[in-house]
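K.L.:
Residue numbers (the numbering used here), protein chains in the order written: chain L, 1 to 134; chain E, 1 to 134. Here it is, the structure in full.
There are 2 protein chains.
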Amino acid sequence: MTDTETRSVVVEREIPYPPEKIWRALTQPHLIEEWLMKNDFKPVVHHRFSLSADWGGVECQVQALVPNRTLTYSWDTKDLESVVTWTLTPTDKGTRLRMEQAGFRADQQAYLRGATVGWPRFLDRLEEVLARTD
Amino acid sequence: MTDTETRSVVVEREIPYPPEKIWRALTQPHLIEEWLMKNDFKPVVHHRFSLSADWGGVECQVQALVPNRTLTYSWDTKDLESVVTWTLTPTDKGTRLRMEQAGFRADQQAYLRGATVGWPRFLDRLEEVLARTD
Numbered sequence: 001m002t003d004t005e006t007r008s009v010v011v012e013r014e015i016p017y018p019p020e021k022i023w024r025a026l027t028q029p030h031l032i033e034e035w036l037m038k039n040d041f042k043p044v045v046h047h048r049f050s051l052s053a054d055w056g057g058v059e060c061q062v063q064a065l066v067p068n069r070t071l072t073y074s075w076d077t078k079d080l081e082s083v084v085t086w087t088l089t090p091t092d093k094g095t096r097l098r099m100e101q102a103g104f105r106a107d108q109q110a111y112l113r114g115a116t117v118g119w120p121r122f123l124d125r126l127e128e129v130l131a132r133t134d
Numbered sequence: 001m002t003d004t005e006t007r008s009v010v011v012e013r014e015i016p017y018p019p020e021k022i023w024r025a026l027t028q029p030h031l032i033e034e035w036l037m038k039n040d041f042k043p044v045v046h047h048r049f050s051l052s053a054d055w056g057g058v059e060c061q062v063q064a065l066v067p068n069r070t071l072t073y074s075w076d077t078k079d080l081e082s083v084v085t086w087t088l089t090p091t092d093k094g095t096r097l098r099m100e101q102a103g104f105r106a107d108q109q110a111y112l113r114g115a116t117v118g119w120p121r122f123l124d125r126l127e128e129v130l131a132r133t134d
């Protein structure tokens with residue numbers, strides 16, 4: 001049954017800002033561009049958007065959205081069909097931010113490794129954006 | 001904030017057996033021993049148990065349990081504090097089984113890699129147990 005096996009990359013961080021501020025950075029195109037990629041994102045269920053970078057692009061579609069709490073979009077490249085889910089949980093100190101990218105098949109270890117290395121970098125950049133914006 | 005970052009290992013598989021059969025393999029000590037490790041597991045919230053292998057052991061405590069649906073236990077070794085959550089979802093073909101081990105810190109990459117390699121092997125063995133038991 002290994003052909004139906006999928007893996008996820010999960011990164012969770014405690015971030016010292018309220019969910020509302022982090023939500024803006026996750027959903028406003030000019031802010032998304034600063035930490036992730038150029039994009040035509042809209043916070044609307046079923047909206048299709050692209051992320052584009054020097055190395056290529058990602059085709060996405062918003063699947064679910066609860067403002068300031070959770071955001072899910074598909075994340076497809078040439079041979080990867082995956083789903084990214086952001087979950088924001090308020091804490092005493094700010095927000096517990098969880099990112100899960102699900103759908104890596106057993107034969108997609110290179111993608112899995114790339115995402116394992118890549119997401120903490122994106123989150124570092126996200127935190128830099130948060131530090132310099134209202 | 002990277003010191004508060006944690007990662008998870010997630011493996012999901014479609015398995016051609018009903019949740020009740022998989023649940024038995026996840027919760028009966030003599031079956032757990034066949035695919036995971038020697039143990040004194042009991043399906044009782046707050047029950048503390050140990051998993052033991054040639055290379056050492058794991059200290060665990062049941063945190064949550066809904067028969068045939070979900071099982072959560074802590075999974076602690078000398079320097080790793082993690083949580084394993086099993087989720088069983090019935091499907092047309094059997095069961096979607098999800099295993100998540102959460103709590104790997106950014107400085108615990110070796111544990112993360114070990115778990116990434118190890119869990120699919122445990123799941124292979126679990127499927128072998130399922131194939132030869134009622």
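From the three backbone atoms N, C-alpha and C, an ideal C-beta is built for every residue, glycine too.
Can you check whether the CB of glycine 103 of chain L is closer than 9 angstroms to the CB of valine 117 of chain L?
P.N.:
Not closer than 9 angstroms, so no.
K.L.:
Can you give the Cα-Cα distance for glycine 57 of chain E and leucine 36 of chain E, rounded to whole angstroms?
P.N.:
Answer to the nearest angstrom: the Cα atoms are 11 angstroms apart.
K.L.:
Write down the C-beta distance between glutamine 63 of chain E and threonine 70 of chain E rounded to the nearest angstrom, noting that I regard them as a contact closer than 8 angstroms.
P.N.:
Glutamine 63 of chain E to threonine 70 of chain E, Cβ: 10 angstroms. No contact.
K.L.:
Let's see if you can read the secondary structure: which residues bound the alpha helix (DSSP H) around arginine 132 of chain E?
P.N.:
Here the alpha helix (DSSP H) through arginine 132 of chain E covers 109-132.
K.L.:
Just the C-alpha distance for methionine 1 of chain E and alanine 110 of chain E, rounded to the nearest angstrom, thanks.
P.N.:
In this prediction, methionine 1 of chain E has a pLDDT of 44, which is less than 50 and means its spatial position is unreliable; what the coordinates show is noted afterwards. Their backbone Cα atoms lie some 21 angstroms apart in a straight line.
K.L.:
Taking the alpha helix (DSSP H) that threonine 27 of chain E falls in, what are its first and last residues?
P.N.:
From DSSP, the alpha helix (DSSP H) with threonine 27 of chain E extends over 19-27.
K.L.:
Which residues does DSSP list as the beta-bridge partners of alanine 106 of chain L?
P.N.:
DSSP lists no partner for alanine 106 of chain L.
K.L.:
Identify whether leucine 80 of chain E lies in helix, strand or coil by the three-state DSSP scheme.
P.N.:
It is coil, neither helix nor strand.
K.L.:
Please report the residue range of the beta strand (DSSP E) in which threonine 91 of chain E lies.
P.N.:
Note, threonine 91 of chain E: premise wrong, no beta strand (DSSP E); not H, not E.
K.L.:
Quick check: is the beta carbon of threonine 27 of chain L nearer than 9 angstroms to any beta carbon in chain E?
P.N.:
It does not; no Cβ of chain E falls within 9 angstroms.
K.L.:
For histidine 30 of chain L and lysine 38 of chain L, I'd like the C-alpha separation in whole angstroms.
P.N.:
The alpha-carbon atoms of histidine 30 of chain L and lysine 38 of chain L are separated by roughly 8 angstroms.
K.L.:
What residue range does the beta strand (DSSP E) around phenylalanine 41 of chain E cover?
P.N.:
Neither: phenylalanine 41 of chain E is in no beta strand (DSSP E) and is coded neither H nor E.
K.L.:
Distance cutoff 9 angstroms, beta carbons only. Does glutamate 128 of chain L sit that close to anything in chain E?
P.N.:
Chain E contact via Cβ: absent.
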